[in-house]
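The sequence shown runs -20 to -1, 1 to 143 under mature numbering (1 follows the signal peptide of the UniProt record, and there is no 0).
We put the beta carbon where it would ideally sit given N, CA and C, even for glycine.
Below is one structure, written out as structure tokens; comments come after it.
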Amino acid sequence: MKKILFLFTIVLFLPNHFYAQTAADAVAMFAKSYDYMNDFEKILTPSQVKTLNDFLKSSEAKTSSKILIVTTPSIAPYTDLSDYSLALDKYMLSQLKIDTSILIVISKQLRQIQVQGVEKVRSKMSDQELKDIITSYVVPELKKGDYYKGLELGVKQLLKKIE
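So this is what it looks like as structure tokens:
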């Protein structure tokens, strides 16, 4: 009887040990460095990436607010884009020492967008205003398939609010 109980216990708990995801596994999925515009899903042309990157970099100098954009084809092992973007934001702050004011994570494949704002931005813009900008300027262009124009319009409107 003891042998059966022992085998049952091993069978029950051993697979969890091998297949459970650890925090280190989740962190390993993120890139080792990030720029202002990170097109991991390859939905923009290289010139569009460079233009957005240069614009975001120059706007940080004017507003002292860092806006980062990340496109991703997959959020695995996460099941929700908001969980993914929150984990990415924490990873960038703790591991890479990148302190973003606004993090925009977009996935064409998943047809989702998530915007993370920090407290210092909330003094200039409410969460509802942030959501309204994304809904009014970014989403309509994304639906048309013009990701560059949507991101450009959205970023310009965000910068107007936080200046």
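Check: Near A3, what residues of its chain come up, given a Cβ to Cβ distance below 8 Å and the 5 sequence neighbours on each side ignored?
Finding: Note that A3 scores a pLDDT of 48, beneath 50, so its modelled location is shaky and nothing firm can be said.
Notebook entry, point to check: V95 by DSSP, collapsed to three states: which one?
Noted result: In this structure, V95 counts as strand in the three-state DSSP scheme.
Check: Mind checking whether S81 and V101 have CB atoms under 8 Å apart?
Finding: With contacts defined as CB atoms closer than 8 Å, S81 and V101 qualify as a contacting pair.
Notebook entry, point to check: On the three-state DSSP scale, how would you describe D19?
Noted result: Here D19 sits in strand by DSSP.
Next item on the list: Give the secondary structure of L122 by DSSP, where H, G and I count as helix, E and B as strand, and everything else as coil.
Entry: Reduced to three states, the DSSP call for L122 is helix.
Next item on the list: Give the secondary structure of I113 by DSSP, where H, G and I count as helix, E and B as strand, and everything else as coil.
Entry: In the three-state reduction of the DSSP assignment, I113 falls in the helix class, which pools H, G and I.
Next item on the list: Taking only the alpha-carbon atoms, compute the straight-line gap between Y14 and M105 and give it to the nearest angstrom.
Entry: If you take the alpha carbons of Y14 and M105, they lie about 25 Å apart.
Check: Nearest-angstrom Cα distance between S54 and S44?
Finding: Taking the Cα positions, S54 is about 31 Å away from S44.
Check: Can you list, in chain order, the residues of its chain whose CB lies under 7 Å from that of L66, leaving out five sequence neighbours each side?
Finding: Cβ within range, chain order: Q96.
Checklist line | T31 versus I23: straight-line alpha-carbon distance, rounded | finding: Roughly 14 Å between the two C-alpha positions.
Notebook entry, point to check: Using a Cβ-Cβ cut-off of 6 Å (strictly less than) and excluding sequence neighbours within five positions of I93, which residues of its own chain qualify?
Noted result: I86.
Item checked: Any beta strand (DSSP E) of 3 or more consecutive residues that is wholly inside the region 56 to 107 -> Assignment of beta strand (DSSP E) within the region 56 to 107, counting only whole runs of 3 or more residues, yields 82 to 87, 92 to 97 in chain order.
Checklist line | Nearest neighbour of P57, chosen from S39, L73, L68 [CA to CA] | finding: Among S39, L73, L68, the Cα nearest to that of P57 belongs to L68.
Notebook entry, point to check: What's the C-alpha gap between Q75 and S62?
Noted result: Taking the straight line from one Cα to the other gives about 19 Å.
Notebook entry, point to check: Grouping DSSP H, G and I as helix and E and B as strand, with all else coil, what is T31?
Noted result: T31 falls in the helix class under three-state DSSP.
Next item on the list: Provide the residue span of the alpha helix (DSSP H) that contains L138, from first to last.
Entry: 127 to 142 is the span of the alpha helix (DSSP H), which, as asked, contains L138.
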